[in-house]
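Heads up: the sequence shown runs through residues 1 to 163, numbered per UniProt numbering.
Glycine included, every Cβ here is placed at the ideal spot set by N, Cα and C.
Quantities reported herein were computed from a predicted structural model and do not represent experimental measurements.
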Amino acid sequence: RWNATTATWTMTEVVSTESTSYSTWSTLAVDGSGNVHIAWCDGTNYSGSETDNDIFYKRWNATTVTWTMTEVVSTESTSSSGYPTLAVDGSGNLHIAWCDGTNYGGSETDNDIFYKKFIYLITEEELPPGIPGYPVELIIISLLIGIGIITILYKSKRIKLAR
């Protein structure tokens, strides 16, 4: 990633960390929150995808500054998948298209274009006291009493992320 503040590139990162085969044909898109979405073609038998080429996906979470786990996008594929393309729409939904030779939905075994849309729903709800939540914002209050420090963690809301 390019750091505009320091005018430097960040260190190179390996995104396809679960790959034990070749990874090719990468594509990326950045959404309005600064999250980086990457898809690529991979021959690794990951999450039951077998060893034919499949489309893998990861997201760089700009808030947590971490990569998500790899997901197999072309789960219906029984043939080789390739040439993924990503786009993010104005609502933050992720769109992906790729080429695949799978006979899916009557498409026969010639190469066809396949498409999926990821819909991320983010909602907030009040969190009752004492209920463990999802990733939450914490308010940390530390009190210095005598020689000891008492720390109080207070959770007011939880954020639910669903796809």
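Where residue i falls, given that 16 or more other Cβ within 10 Å makes a residue buried
i           : result
Tyr22       : exposed
Asn103      : exposed
residue 166 : No information on residue 166 is available, as it lies outside the stretch 1 to 163 that the chain covers here.
Trp40       : buried
Ile119      : exposed
Val73       : buried
Tyr115      : exposed
Asp89       : exposed
Asn35       : buried
Ser33       : exposed
Asp110      : exposed
Ser47       : exposed
Thr24       : exposed
Thr12       : exposed
Identified DSSP bridge partners for residue i
i      : result
Ile78  : Just to set this straight, residue 78 is Thr in the shown sequence, not Ile. According to DSSP, Thr78 bridges with nothing at all.
Arg59  : His37
Asp112 : Asp100
Trp67  : Trp60
Thr12  : Looking at the DSSP assignment, Thr12 forms no beta bridge with any residue, so it has no partner.
Trp2   : Trp9
Rounded Cβ spacing between residue i and residue j (contact assumed at less than 8 Å)
i      : j     : result
Thr68  : Glu18 : Not quite, the Cβ-Cβ distance comes to about 12 Å (not below 8 Å), so this is no contact.
Asp112 : Ser79 : About 10 Å separates the two Cβ atoms, so there is no contact after all.
(request) Spell out a yes or no on whether the segment 53 to 73 and the segment 91 to 99 are touching, meaning 3 or more CB-CB pairs, one atom from each, closer than 8 Å. (result) Yes, the segment 53 to 73 is in contact with the segment 91 to 99.
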